[in-house]
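Below you'll find the structure, written out as structure tokens, and then a few comments.
Number of protein chains: 2
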Amino acid sequence: MKDLTTRQQEILTFIEHYEWRNGFWPSIRDIQEQFGFASTNAVMGHLRALEKKEMIERIPGQARTFRINRPDAPEKPEIPEDATEVVDIPVMGDIAAGYPDRVEPAGEIGRLQVDIQSAGFSSRRRSFALQVRGESMVDAEIYDGDMVIIEPRDAYDGDIVAALIDGETTLKRYIQKGSEPPYLKAENKFYPELYPVTELCVQGVAKAVVRSL
Amino acid sequence: MKDLTTRQQEILTFIEHYEWRNGFWPSIRDIQEQFGFASTNAVMGHLRALEKKEMIERIPGQARTFRINRPDAPEKPEIPEDATEVVDIPVMGDIAAGYPDRVEPAGEIGRLQVDIQSAGFSSRRRSFALQVRGESMVDAEIYDGDMVIIEPRDAYDGDIVAALIDGETTLKRYIQKGSEPPYLKAENKFYPELYPVTELCVQGVAKAVVRSL
DNA sequence: CTTGACAATGATCAATTGTTCACCTAAACA
DNA sequence: TGTTTAGGTGAACAATTGATCATTGTCAAG
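Keeping their order, the protein sequence lines are chains W and R.
Numbering-wise, our numbering puts 43 at position 39 of the first sequence, and it's gapless, one number per residue.
Numbering-wise, our numbering puts 151 at position 147 of the second sequence, and it's gapless, one number per residue.
Written out as structure tokens, the structure is:
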């Protein structure tokens with residue numbers, strides 16, 4: 005494949021990009037308008053050049069029928085090299101029915117995959133996602149219906165944790181000051197602030213929130 | 005979504021297959037020829053039905069501009085570990101520098117992978133994620149630093165949209181009552197409610213929020 | 001100085017393609 | 001019996017779109 009001029013590269017990028025955005029290819033006049041050409045023929049020239057250099061293919065006379073000739077043919081434009089490690093996370097519906105300090109995989113209602121860079125968890129741990137029920141954490145901007153990604157690990161003061169209370173898993177703030185016994189705190193001024201914790205059973209620490217709109 | 009007739013299902017399947025094979029969408033006469041219709045209007049009728057049932061979308065008057073609207077129900081009962089269909093979403097940093105009504109892929113700062121069942125978007129559309137800056141949507145529970153997953157499509161009244169205002173992409177509520185001209189609305193009582201929209205440039209509709217804790 | 005690539009204008013043409021109108025058939029329905 | 005819904009014919013129309021003509025200008029290489 006030969007070298008492209010700057011303009012040709014721009015056109016090619018635009019075409020790829022247009023398809024990526026819209027799901028179909030641009031017309032010649034779409035390209036013309038994008039670059040502010042006064043004539044469609046300006047586009048035609050570039051397309052002919054790109055065809056000659058075997059960067060694109062077209063069906064003569066037919067509208068919006070491009071084919072991009074990428075040597076590596078990635079489906080999406082420019083997937084960066086830094087292979088992001090992806091965590092595959094089961095979405096749990098109701099984990100309260102499971103073992104007290106374990107997650108019951110039967111409760112899986114879906115899967116969520118988030119890469120590490122974006123959300124910052126460790127792939128080593130077996131993270132899972134929880135659908136939030138209730139309003140106990142609205143002051144921490146976590147709302148009913150949100151999905152919270154939980155990483156099973158020990159909690160530190162200030163962490164938001166998924167914990168078992170009365171046989172039900174809820175989201176609470178974990179508070180531990182000095183050597184005092186830890187307690188849980190709801191982040192909703194209409195809820196009781198403190199939860200008596202006889203047997204503290206923390207499932208894990210919240211690392212991210214996902215909400216469908 | 006309503007049930008399709010056999011014929012409608014056949015047409016829909018053909019359109020999808022055609023795109024799969026050719027990389028672009030069929031023209032009406034391509035479909036006509038495939039089914040041996042004597043009139044293009046036979047196709048038109050089915051397309052209208054499919055649009056009414058919200059299975060497809062089209063750009064009126066423009067050639068080969070289909071969009072398939074699947075609720076993404078993979079009909080495989082036995083789903084192997086790795087078989088979950090995953091949407092690979094580029095995370096955009098600053099998209100204002102790109103094309104006026106398009107997203108600049110160079111602005112990619114990461115990737116996010118979310119599967120379809122969990123977040124409920126279509127894999128056909130080219131979704132992308134945006135990092136939210138500013139507080140203009142805090143009353144819709146979207147905060148500074150959140151990542152919002154945007155699906156490029158036309159906005160309806162009440163949607164949260166990513167739109168270009170003053171060369172900057174912001175998140176706003178899209179309001180369109182009846183036949184009145186649409187406008188944008190910030191969801192923050194400290195912000196001006198209405199935005200004067202001379203040239204409304206909607207990048208897409210917000211489908212999900214992802215926040216790292 | 002000339003040649004050839006690259007880039008673009010402006011006008012025009014023709015094919016492709018989406019759209020619409022009038023009209024038809026058959027089955028389902030109430 | 002009339003009515004609706006799905007499916008279809010046939011013709012004509014108009015918008016979109018790709019293709020082509022002649023022409024201009026720049027700039028680097030030979």
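Each residue gets a CB set at the ideal place from its N, CA and C atoms; glycine is no exception.
Distance from the CA atom of V165 (chain R) to the CA atom of A42 (chain R), rounded to whole angstroms, is 43 Å. In this structure, the alpha-carbon of I60 (chain R) lies about 11 Å from that of I15 (chain R). Of the candidates W:A67, W:V142, W:D163, W:Q13, W:A67 places its Cα closest to the Cα of W29 (chain W). With a threshold of 16 other beta carbon atoms within 10 Å, I35 (chain W) meets it and is buried. Residue range 44–56 is occupied by the alpha helix (DSSP H) that includes V47 (chain W). Interface with chain W (8 Å Cβ-Cβ cutoff): Y147 (chain R) is included.
Residues of the region 21–40 of chain W with a C-beta less than 8 Å from any C-beta of chain R: H21, Y22, W24, R25, N26, G27, F28, W29, S31, Q38, listed in chain order. Your pair V142 (chain W) and A210 (chain W) does not check out as a contact, with CB atoms roughly 14 Å apart and the cut at 8 Å. Considering only beta carbons, the part of the region 59–75 of chain R lying closer than 9 Å to chain W consists of I63, Q66, A67, R68, T69, F70, R71, I72, in chain order. For A53 (chain R), none of the residues of chain W pass the 9 Å Cβ criterion, the least Cβ distance being about 21 Å. Shortest Cα-Cα distance from L188 (chain R) to any of R:K176, R:F194, R:V213 involves R:K176. Q12 (chain R) counts as buried, since no fewer than 16 other beta carbons sit within 10 angstroms of its beta carbon.
Note: T174 (chain R) is bridge-paired with R:A167 in the DSSP secondary-structure output.
For the options R:D161, R:R215, R:E20, R:A53, the alpha carbon positioned closest to that of V136 (chain R) is the one of R:R215. R71 (chain W): member of the beta strand (DSSP E) spanning 70–72, first to last residue. Under the three-state reduction of DSSP, I15 (chain R) is assigned to helix. Annotated three-state conformation of I153 (chain W) is strand, per DSSP.
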